[in-house]
Amino acid sequence: MRNLEIQDGLAVPVGQQEPTTFLRKAIENGHSAFLLYGPRHIGKHTLALYLAAMLNCCEANNPCGQCMSCRRILKGVFADVKTAGIETAEKGGEEIAKTGISTEQVKDIIESAAVAPYEGKTKVFIIDGAEYMSLPAANRLLKTLEEHQNYVYFILLAENADIILPTISSRLSKVEVKEAAEEDIKEYLISLGTDKETAQILAAMADGKTGWAVLAMQNADMVQERQDFAKKALDITAYPLSKRLALAGELNKMFVKDRQSLYCLLDIWQNIYRDMLAASLGQDVLVRNSQLVQNIKEAAMLLGSARITAFLQSLARSKKLLKQNVASLLTLEALMLSL
Ligand SMILES: [Zn+2]
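Sequential numbering from 25 applies to the sequence shown in this note's numbering.
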């Protein structure tokens, strides 16, 4: 008799029921090249590994999460599932630039795609940071994306689907990786061994990003950074103009050094200002950052709903412009002036 765990199969990544169902159907219909997109730590890579396990699992009820293939894929050691990541350039120990996969890496992928799987049923290539792929690398990949052996699958990952080269994008089935519900993240953290209270706090902070919550479980600095960013969102309401402009400069330095950190800060600010908007409309029950509820209410009173709404719009616009590489300092100064 098979044990219950195998019958139940590997749990679908938290909050990804809908994308998973879509992907399973797409594979059944013969699709073999996908784009999973969504913000950092939302669970793109986890979903990609789940798909890779589905494509190589030995059980009928796949992915089982228990067979040798599933276990090796989830550990990241399966020979036929390869991840090509974002290349980070460093200078003097400091990160200076991120670039997508190189033409060399693409060449390796193309060569590998021509050879039959070694230990699995399929070969799965996961390409992270698809939006940072250079034009020559993309051109090289194009033909293989279009025409490859039927055992080959491509899963491209991106935070921003809008800036992927159209020639690449048009050849992919696109799937948005969804934010998970706070309650589901909490349950998941408890299943990983976190106590109830910590799970509740982290799930509330995670803003739908399961990956963030899991990393934060082991890294107190991430929680501290999240709290600092949230506090800054409230502090700026009392900043004079000069201080706000100085902050724009600091944020720009952050953007140049590690743009993901800045996106993370802007996400948290959006989260706090949405709470402020709820509070300004008397909807305190909708405030998600419950540990800051008093400060959020005070700041909301000070600004009023019209200014909060305007700043939220400004935040969304700035994020979009920064992702399109529009002059970052100007964008951030305009953001800080719009409060
Ligand atoms: Zn399996």
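For glycine and all other residues, C-beta sits at the position ideal for the given N, C-alpha and C.
All of these numbers come straight from a predicted model, not from anything done at the bench.
### Task
Identify whether residue 183 lies in helix, strand or coil by the three-state DSSP scheme.
Mapped onto the sequence shown, residue 183 falls at position 159. Here residue 183 sits in coil by DSSP.
### Task
Would you tell me roughly how many angstroms separate the C-alpha atoms of residue 76 and residue 49, rounded to the nearest one?
Taking the sequence shown and counting its residues from 1, the one referred to as residue 76 is at position 52. Taking the sequence shown and counting its residues from 1, the one referred to as residue 49 is at position 25. Those two C-alpha atoms are separated by around 15 Å.
### Query
Expressed to the nearest angstrom, what Euclidean distance is found between the alpha-carbon atoms of residue 164 and residue 146?
Along the sequence shown, one-based indexing puts residue 164 at 140. Along the sequence shown, one-based indexing puts residue 146 at 122. Taking the straight line joining both Cα atoms gives about 22 Å.
### Message
Just verifying my parser: in three-state terms, what is the DSSP assignment at residue 354?
### Response
In the sequence shown, the residue the question calls residue 354 occupies position 330. Three-state DSSP puts residue 354 in a helix.
### Query
Since residue 166 is in the alpha helix (DSSP H), which residue starts that stretch and which ends it?
Looking up residue 166 in the sequence shown gives position 142. Its alpha helix (DSSP H) spans residues 159-170.
### Message
DSSP has residue 197 in a bridge; who is on the other side?
### Response
Along the sequence shown, one-based indexing puts residue 197 at 173. Its beta-bridge partners are 58.
### Message
Short of 7 Å in beta carbon distance, which residues of its chain neighbour residue 161, apart from the five on each side in sequence? Order them along the chain.
### Response
To locate residue 161, count along the sequence shown from 1; it is residue 137. Excluding sequence neighbours, residue 161 sits near 124, 125, 126, 127, 130.
### Task
Note the first and the last residue of the continuous alpha helix (DSSP H) segment covering residue 102.
For the purposes of this step, residue 102 is taken as residue 78 along the sequence shown, with counting starting at 1. Careful: residue 102 lies outside any alpha helix (DSSP H) and carries neither H nor E.
### Message
I need the straight-line Cα distance from residue 53 to residue 332, nearest angstrom please.
### Response
Here residue 53 corresponds to residue number 29 of the sequence shown, with the count starting at 1. Here residue 332 corresponds to residue number 308 of the sequence shown, with the count starting at 1. Rounded to whole angstroms, residue 53 to residue 332 spans 46 Å at the Cα level.
### Query
Leaving out five residues before and five after residue 320 in sequence, what residues of the same chain have Cβ atoms less than 8 Å from its Cβ?
Sequence index remark: in the sequence shown, residue 320 carries index 296 (1-based). Result list for residue 320: 258, 296, 299, 300, 303, 311, 313, in chain order.
### Task
Rank 133, 340, 343, 98 by C-alpha distance to the C-alpha of residue 167 and give the top, closest one.
On the sequence shown, position 143 is the one that residue 167 refers to. Minimum Cα distance to residue 167 is reached at 133.
### Query
Alpha carbon to alpha carbon, what distance is there between residue 284 and residue 323?
One-based indexing of the sequence shown puts residue 323 at position 299. One-based indexing of the sequence shown puts residue 284 at position 260. Taking the straight line from one Cα to the other gives about 27 Å.
### In DSSP terms, what residue 108 is bridged to
For the purposes of this step, residue 108 is taken as residue 84 along the sequence shown, with counting starting at 1. In the DSSP output, where bridge partners are listed per residue, residue 108 has 151.
### Task
Would you check whether ligand 1 has a heavy atom nearer than 7 Å to the C-beta of residue 83?
Here the question's residue 83 lines up with position 59 in the sequence shown. Yes, Cβ of residue 83 sits closer than 7 Å to a heavy atom of ligand 1.
### Cβ distance (whole Å) where residue 33 is taken to contact residue 85 below 8 Å
Against the sequence shown, residue 33 aligns to sequence position 9. Against the sequence shown, residue 85 aligns to sequence position 61. Yes, they are in contact, since the Cβ atoms of residue 33 and residue 85 sit about 5 Å apart, within 8 Å.
### Task
Check whether the Cβ of residue 319 lies closer than 7 Å to any heavy atom of ligand 1, and answer yes or no.
Translated into the one-based positions of the sequence shown, residue 319 becomes position 295. No, Cβ of residue 319 sits at least 7 Å from all heavy atoms of ligand 1.
### Query
Just to check, is the beta-carbon of residue 141 closer than 7 Å to a non-hydrogen atom of ligand 1?
Counted from its first residue, the sequence shown places residue 141 at position 117. Because no heavy atom of ligand 1 lies under 7 Å away, the Cβ of residue 141 does not count as near it: no.
### Query
Three-state secondary structure (DSSP) at residue 317?
Translated into the one-based positions of the sequence shown, residue 317 becomes position 293. Correct three-state label for residue 317: helix.
### Message
Which same chain residues end up closer than 8 Å to residue 268 when comparing Cβ atoms and leaving out the 5 residues on each side of it in sequence?
### Response
As a first step, residue 268 is located in the sequence shown; it is residue number 244 there, counting from the start. So the list reads 260, 360, 361, 363, once near-sequence residues are dropped.
### Message
Considering only the alpha carbon of each residue, which of 230, 277, 68, 177 lies closest to residue 136?
### Response
Along the sequence shown, read from residue 1 onward, the residue named residue 136 stands at position 112. Minimum Cα distance to residue 136 is reached at 177.
#### Entry: Member of 215, 219, 203 whose CA lies at the smallest distance from the CA of residue 2
Within the shown structure, residues of the chain are numbered from 25 to 363, placing residue 2 beyond reach of any answer.
### Query
Nearest to residue 222 by alpha carbon, out of 232, 55, 238?
Along the sequence shown, read from residue 1 onward, the residue named residue 222 stands at position 198. Among 232, 55, 238, the Cα nearest to that of residue 222 belongs to 238.
### Element boundaries [alpha helix (DSSP H), containing residue 288]
What you label residue 288 is simply residue 264 of the sequence shown in a count that begins at 1. Counting along the chain, the alpha helix (DSSP H) containing residue 288 begins and ends at 283-304.
### Task
May I ask whether a heavy atom of ligand 1 can be found less than 7 Å away from the beta carbon of residue 89?
Mapped onto the sequence shown, residue 89 falls at position 65. Answer for residue 89: yes, Cβ within range of ligand 1.
### Message
In the DSSP output, which residue or residues are listed as bridge partners for residue 46?
### Response
The residue labelled residue 46 in the question sits at position 22 within the sequence shown. According to DSSP, residue 46 bridges with nothing at all.
### Task
Go ahead and pull the three-state DSSP assignment for residue 177.
As a first step, residue 177 is located in the sequence shown; it is residue number 153 there, counting from the start. Reduced to three states, the DSSP call for residue 177 is strand.
### Message
Taking a contact to mean a Cβ-Cβ separation below 8 Å, would you say residue 279 touches residue 338 in this structure?
### Response
On the sequence shown, position 255 is the one that residue 279 refers to. On the sequence shown, position 314 is the one that residue 338 refers to. No, they are not a contact pair.
### Task
Measure the C-alpha to C-alpha separation of residue 288 and residue 234 and round it to an integer number of angstroms.
Here the question's residue 288 lines up with position 264 in the sequence shown. Here the question's residue 234 lines up with position 210 in the sequence shown. Distance between the alpha carbons of residue 288 and residue 234 is about 14 Å.
### Message
For residue 46, which residues in the same chain have their Cβ closer than 7 Å to its Cβ, ignoring the five residues on either side in sequence?
### Response
Here the question's residue 46 lines up with position 22 in the sequence shown. Result list for residue 46: 199, in chain order.
### Task
Identify whether residue 322 lies in helix, strand or coil by the three-state DSSP scheme.
Position 298 of the sequence shown holds residue 322. Here residue 322 sits in helix by DSSP.
### Helix, strand or coil at residue 69 according to DSSP, with G and I counted as helix
As a position in the sequence shown, residue 69 is number 45, starting the count at 1. Three-state DSSP puts residue 69 in a helix.
### Query
When you compare each of 103, 59, 325 to residue 154 by their alpha carbons, which one comes out closest?
On the sequence shown, position 130 is the one that residue 154 refers to. Measuring from the Cα of residue 154, the nearest candidate turns out to be 59.
### Task
Quick one: residues in its chain with C-beta nearer than 6 Å to the C-beta of residue 35, no 5 flanking neighbours on either side, listed in chain order?
The sequence position of residue 35 within the sequence shown is 11, counting from 1. Same-chain partners within the cutoff: there are none.
#### Entry: Beta-carbon contacts of residue 317 that lie in its chain and below 6 Å, excluding the five residues immediately before and after
Reading the sequence shown from its first residue, position 293 is the one you call residue 317. The residues are 311.
### Task
With a threshold of 16 other CB atoms inside 10 Å of the CB of residue 142, please say whether the residue is buried or exposed.
As a first step, residue 142 must be located in the sequence shown, where it is residue number 118. Exposed.
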